[in-house]
Amino acid sequence: MRLRRSLAVAVAVAVTTPVALFTAAPALAAGAPAAQTQNQPTYAELKKAAADAQKAYEKALAAKEEGQEKVKATLEALDSDTHPLKAATITADKAAEEAAAAETAAEKAVRDAEAAVEAAQGETEKAEAEKALETAEADLAKAVEAKEKADAAAEAARTALDDARVAAVREYSVLQKALDDALAAKEAAEEALGTAEECVRETGLTSLAVGLPSEVVAGTTVDFTLRVTNGTERTLTVDPLAFVHVDGERGGEKSRLAVEWSNGSGWHALNGDEPEHIAHIDTMAPGQRSDVKLRMTVAPDAASADAFALFAADASSAYRPCVLGPMKRYDFELLPAGSDPGPVDDADPGQTGKDDDQRPATAGPGTTPQGGAAGQPVTTARTTPTTRTAATGTGTYGTTAATGGTLAQTGTSPALVPLGAASAVAVALGAGAVLAARRRMTADR
Numbered sequence: 001m002r003l004r005r006s007l008a009v010a011v012a013v014a015v016t017t018p019v020a021l022f023t024a025a026p027a028l029a030a031g032a033p034a035a036q037t038q039n040q041p042t043y044a045e046l047k048k049a050a051a052d053a054q055k056a057y058e059k060a061l062a063a064k065e066e067g068q069e070k071v072k073a074t075l076e077a078l079d080s081d082t083h084p085l086k087a088a089t090i091t092a093d094k095a096a097e098e099a100a101a102a103e104t105a106a107e108k109a110v111r112d113a114e115a116a117v118e119a120a121q122g123e124t125e126k127a128e129a130e131k132a133l134e135t136a137e138a139d140l141a142k143a144v145e146a147k148e149k150a151d152a153a154a155e156a157a158r159t160a161l162d163d164a165r166v167a168a169v170r171e172y173s174v175l176q177k178a179l180d181d182a183l184a185a186k187e188a189a190e191e192a193l194g195t196a197e198e199c200v201r202e203t204g205l206t207s208l209a210v211g212l213p214s215e216v217v218a219g220t221t222v223d224f225t226l227r228v229t230n231g232t233e234r235t236l237t238v239d240p241l242a243f244v245h246v247d248g249e250r251g252g253e254k255s256r257l258a259v260e261w262s263n264g265s266g267w268h269a270l271n272g273d274e275p276e277h278i279a280h281i282d283t284m285a286p287g288q289r290s291d292v293k294l295r296m297t298v299a300p301d302a303a304s305a306d307a308f309a310l311f312a313a314d315a316s317s318a319y320r321p322c323v324l325g326p327m328k329r330y331d332f333e334l335l336p337a338g339s340d341p342g343p344v345d346d347a348d349p350g351q352t353g354k355d356d357d358q359r360p361a362t363a364g365p366g367t368t369p370q371g372g373a374a375g376q377p378v379t380t381a382r383t384t385p386t387t388r389t390a391a392t393g394t395g396t397y398g399t400t401a402a403t404g405g406t407l408a409q410t411g412t413s414p415a416l417v418p419l420g421a422a423s424a425v426a427v428a429l430g431a432g433a434v435l436a437a438r439r440r441m442t443a444d445r
């Protein structure tokens, strides 16, 4: 029982001090492919689960803190001499001590009586001494019995006090276990939500420029089509992305190109300074195709120059708020007014390298996009973009051009897009701001 009492006291001391919470980071799968969604929770369900888990954790934390105060108060009360259990222990211990003293006195009386029997002279004195010894032995037997009862009562009182302490600690430990479980559930829900928020690549979500010529003469207007196809197995909300730019043009200056788009509701001008989303498609079923009309007018005084167009499709689904289709780049030439290029072929998508997950370098929120500050030229080579990391969508774009210029390398930004926060996309003078604009669309949703 002494060991039990020691453990009870040790645990009682421990719970009266702040308890450090450990963190749990369960490993979750990165998520099923787009087509495998039968048993996959929707993004809305994951958000609700994370919110519910947060509330449950906060409730468990409040209960644990309340329980800690309660057990502390209970233990302090149990240690007070006025508490019935502690008072009973004090009384029982005192009775046991008195019984022990009475037993000791009775033992001494027996020893004294035995000595008197040995020293007795004559039959009468000896008989009286023996009678006294019998009385002393009887008294000792009663004292021993009384001490045993007193010891048992003291032990029972101490056990009752210890049990009360252990019960208080056990009640608190249940709350602590509930908090640990709530923390693990909260972190698992947050990780699942974070995984769903990560941008994913869908090669089946394609964007194709149809009728964009490889050469355009100054002073002319050409019509072409951006064809977006949902080749995935999931219904998507799609925002086509477009960016048309002349190499070397500075931000803020009037472009030699004026590009407009229409989805049947009038014509809308591209701003020309940054990639932008056009012709929002609220619902696009698997296999569905949508065409966006574009027309590009080249200024009459435009000199010979290299230009390019970037097209892609950004989307979201019930399962993922950030779905990115492959980027397509089309290089074309501007020819001086009066040029006769003869039959002109359509511009072909530039080579994308060894995988389809290449993206231009990213200008993240609060950073300077490709080309640096406004007023600085952007020069790009008509070459293959450098390889990007498929998992994060990061990397660099462009190589040294014939003029010796380079496209600025701005670094990378995380693939995880915080929902509800609008990403600030500064003036984008080069292809490097494309993914930043795409993420801005995702965040604005």
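If you count by my numbering, then the sequence shown holds residues 1 to 445, one letter each, in order.
Positions of the beta carbon are idealized from the N, C-alpha and C atoms, including for glycine.
Note that the structure is predicted; figures quoted are calculated from it, not measured.
- Per the Cβ contact rule, the stretch 228-242 is in contact with the stretch 312-319 (3 or more Cβ pairs under 8 Å).
- With respect to the C-alpha of A185, the residue from Y43, A50, V169 having the closest C-alpha is A50.
- Taking each of V228, E69, Y43, P84 in turn and checking the Cα distance to E191, the smallest one comes out for Y43.
- Cα atoms of G194 and G325: separation of roughly 20 Å, rounded to the nearest angstrom.
- Per DSSP, the unbroken beta strand (DSSP E) holding A209 starts and ends at 205-210.
- Between the stretch 248-255 and the stretch 195-215 there are fewer than three inter-stretch CB-CB distances shorter than 8 Å, so the stretches are not counted as touching.
- Your pair K147 and E103 checks out as a contact, with CB atoms roughly 5 Å apart and the cut at 8 Å.
- Residue pairing by DSSP places R289 opposite T229 in a beta bridge.
- Per DSSP, reduced to three states, the secondary structure at R295 is strand.
- When beta bridges are read from the DSSP output, P240 appears opposite A313.
- The stretch 174-185 and the stretch 299-307 do not touch, with fewer than 3 CB-CB distances between them shorter than 8 Å.
- Across the structure, A168 and V71 are spaced so that their CA atoms are roughly 6 Å apart.
- Around the CB of P321, 16 or more other CB atoms lie within 10 Å, so the residue is classed as buried.
- Closest in alpha carbon position to H268, among M296, H245, G248, E249, is M296.
- Linking K59 to T159 through their CA atoms gives a straight-line distance of about 34 Å.
- Scanning its chain for C-beta atoms nearer than 7 Å, with the 5 sequence neighbours on each side dropped, one finds around K47 the residues L193, in chain order.
- Judged by DSSP in its simplified three-state form, T159 adopts helix.
- For L61, there is no enclosing beta strand (DSSP E); the residue is part of the alpha helix (DSSP H) that begins and ends at 43-78.
- Nearest Cα to P300 within the set A337, E171, P286, T91: A337.
- With contacts defined as CB atoms closer than 9 Å, R289 and A309 fail to qualify as a contacting pair.
- Here H245 is buried: its Cβ has 16 or more other Cβ atoms, across all protein chains shown, within 10 Å.
- Just so you know, the alpha carbons of L334 and D282 end up roughly 35 Å apart.
- Excluding its 5 nearest sequence neighbours in each direction, A88 has C-beta neighbours in its own chain below 6 Å: A157, listed in chain order.
- Straight-line measurement puts the Cα of E130 at about 8 Å from the Cα of A113.
- K94: member of the alpha helix (DSSP H) spanning 84-119, first to last residue.
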